[in-house]
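In my numbering, the protein residues as written are 103 to 294.
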């Protein structure tokens, strides 16, 4: 799933963009419950200030939330995000200036990606609605499919067994959280 927004950066746009990046980096979003860290195409740690300085003259920016159905099976979302953004650059025919933060604070791990509104020639970046609505999702699905080609029942069972002793929120925990009712109970269903 990919959610997308185009944000117009008017007079107060830089302050709004700054507040958004702060919000993305807030405490409690990592697997360990720590503050999120910005990263970009090359660096595992990117500076919000530097990104915002480059973003200063932009008319708009794109904000994407990328959430793979199998996201809980990834140990690290950065490589997936980088591959998606690299593929987008090829599809759009321009380098993209972007930063991202991975969030593990919900039942579905997801990545927030902020893309500058300029292409590599300094012109306003335009991304077709069709590409945002369908192309990005298809590209992300291709990447996840390559990573998780059909797995045997034994592979799935072994992966789940490894998670049982983990001292973090696992896909098993996320599934239980997702399946709980309004009272916080999870019902066991019979397979008969």
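For every residue, glycine included, the Cβ atom is placed at its ideal position computed from N, Cα and C. Quick caveat, the model's predicted, so the values are computed rather than measured.
For residue 279, which residues in the same chain have their Cβ closer than 7 Å to its Cβ, ignoring the five residues on either side in sequence?
For this step, residue 279 is matched to residue 177 along the chain shown. Closer than 7 Å at the Cβ level, and outside the excluded window around residue 279, lie 209.
In or out: residue 163 buried (at least 16 other Cβ within 10 Å) or exposed?
Taking the chain shown and counting its residues from 1, the one referred to as residue 163 is at position 61. Residue 163 is buried by the Cβ-count criterion.
Run the CB neighbour count on residue 202, radius 10 Å, all protein chains shown included, and call it buried at 16 or more, exposed below.
For the purposes of this step, residue 202 is identified with residue 100 of the chain shown, where counting begins at 1. With 16 or more Cβ atoms within 10 Å of its Cβ, residue 202 is classed as buried.
Suppose contacts are defined by Cβ-Cβ distances below 8 Å. Is residue 148 in contact with residue 142 by that definition?
Indexing the chain shown from 1 puts residue 148 at position 46. Indexing the chain shown from 1 puts residue 142 at position 40. Taking 8 Å as the cut-off, the Cβ atoms of residue 148 and residue 142 count as close.
Determine contact between the segment 191-200 and the segment 125-134, defined as no fewer than three beta-carbon pairs at a distance below 8 Å.
no
Do we get a CB-CB distance below 8 Å when we pair residue 289 with the residues of chain C?
The chain inventory of the structure shown lacks chain C, comprising one protein chain alone.
Quick one: what's residue 204 bridged to in DSSP?
One-based indexing of the chain shown puts residue 204 at position 102. Beta-bridge pairing links residue 204 to 213.
For residue 106, which option in 236, 289, 121 and 286 has the closest C-alpha, if you only look at C-alpha atoms?
Taking the chain shown and counting its residues from 1, the one referred to as residue 106 is at position 4. Nearest option by C-alpha distance: 236.
Helix, strand or coil for residue 243, going by three-state DSSP, please let me know.
Position 141 of the chain shown holds residue 243. DSSP places residue 243 in helix when its eight states are reduced to three.
Going by CA-CA distance only, name the one from 182, 229 and 137 that's closest to residue 246.
Here residue 246 is taken as the residue at index 144 of the chain shown, counted from 1. Among 182, 229 and 137, the Cα nearest to that of residue 246 belongs to 182.
Opening and closing residue of the alpha helix (DSSP H) in which residue 189 lies
Here residue 189 is taken as the residue at index 87 of the chain shown, counted from 1. Where residue 189 is concerned, the enclosing alpha helix (DSSP H) stretches over 180-194.
Taking Cβ to Cβ, would you say residue 189 is nearer than 8 Å to residue 241?
By 1-based counting over the chain shown, the position of residue 189 is 87. By 1-based counting over the chain shown, the position of residue 241 is 139. Yes.
Can you check DSSP and say which residues form a bridge with residue 163?
Looking up residue 163 in the chain shown gives position 61. 109 and 218.
Is residue 288 buried or exposed, if buried means 16 or more other CB atoms sit within 10 Å of its CB?
Within the chain shown, numbered from 1, the residue matching residue 288 stands at position 186. Exposed.
Let me check understanding here. Comparing Cα to Cα, which of 114, 119, 154 and 180 lies closest to residue 144?
Residue numbering aside, residue 144 sits at position 42 when the chain shown is read from its first letter. Of 114, 119, 154 and 180, the residue nearest in Cα terms is 180.
Look at residue 216 and residue 261 and say whether their C-beta atoms are less than 8 Å apart.
Residue 216 sits at position 114 when you count from the first residue of the chain shown. Residue 261 sits at position 159 when you count from the first residue of the chain shown. Not a contact, by the Cβ cut-off of 8 Å.
If you measure between the beta carbons of residue 160 and residue 112, is that distance less than 8 Å?
Position 58 of the chain shown, counted from the first residue, corresponds to residue 160. Position 10 of the chain shown, counted from the first residue, corresponds to residue 112. Not in contact: residue 160 and residue 112 (Cβ atoms no closer than 8 Å).
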